[in-house]
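What follows is a set of notes on a single structure, which appears directly below.
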Amino acid sequence: MEGTRLNKVSRLLQKDLGDIFQKEGTSLFRGKIITVTSVRVSPDLGVAKVYISIFPTDKKEEMLQTVRVHTKQFRHELAQRVRHQLRIVPELSFFLDDSLDYIENIDKLLKS
């Protein structure tokens, strides 16, 4: 039962954070596309690890730092969206998801 709720909350946060990044992306990220690839929520719903993918891939770390600086703003916007579904909005921690880069590297190796 608990796993089902965690999955639902994770999907809800992933969808809403994706919408927030799309809305804020035009001014804050200067033409970069940020995709929320997955969200992992702790069992007590207190912490959410958000994995993001950034395109184009140059200056990933710089963009991740920009996202981390604006974490409070994103959490506030998220709270406005999920206030009727969740009592407590989890603390957000952002991480780079490098699985797409890994897949590209494997494809290059297989083709050569």
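Number 102 in my numbering belongs to position 99 of the sequence shown; there are no gaps in the numbering. Think of the CB as a built atom: it goes at the ideal place given N, C-alpha and C, for glycine as much as any other residue.
When you compare each of Gly34, Arg90 and Ile106 to Phe58 by their alpha carbons, which one comes out closest?
Per the Cα distances, Gly34.
Would you call Met4 buried or exposed, if buried means 16 or more other Cβ atoms sit within 10 Å of its Cβ?
Because the pLDDT at Met4 is just 38, under 50, the model does not fix this residue reliably, and the value given afterwards should be weighed accordingly. Looking at its Cβ environment, which holds fewer than 16 other Cβ atoms inside 10 Å, Met4 is exposed.
Check whether the stretch 41–49 touches the stretch 72–82, counting contact only when three or more Cβ pairs, one atom from each stretch, lie closer than 8 Å.
no
Using a threshold of 8 Å, state whether the C-beta atoms of Ile23 and Phe77 are closer than that.
yes
Pull up the distance between the alpha-carbon of Ser13 and that of Ser41, whole angstroms please.
8 Å
Can Ala51 and Leu95 be called in contact, C-beta distance under 8 Å?
Contact annotation: Ala51 and Leu95 have beta-carbon atoms nearer than 8 Å.
Assign Ile37 to buried or exposed, taking buried as 16 or more other Cβ atoms, counted over all protein chains shown, within 10 Å of its Cβ.
buried
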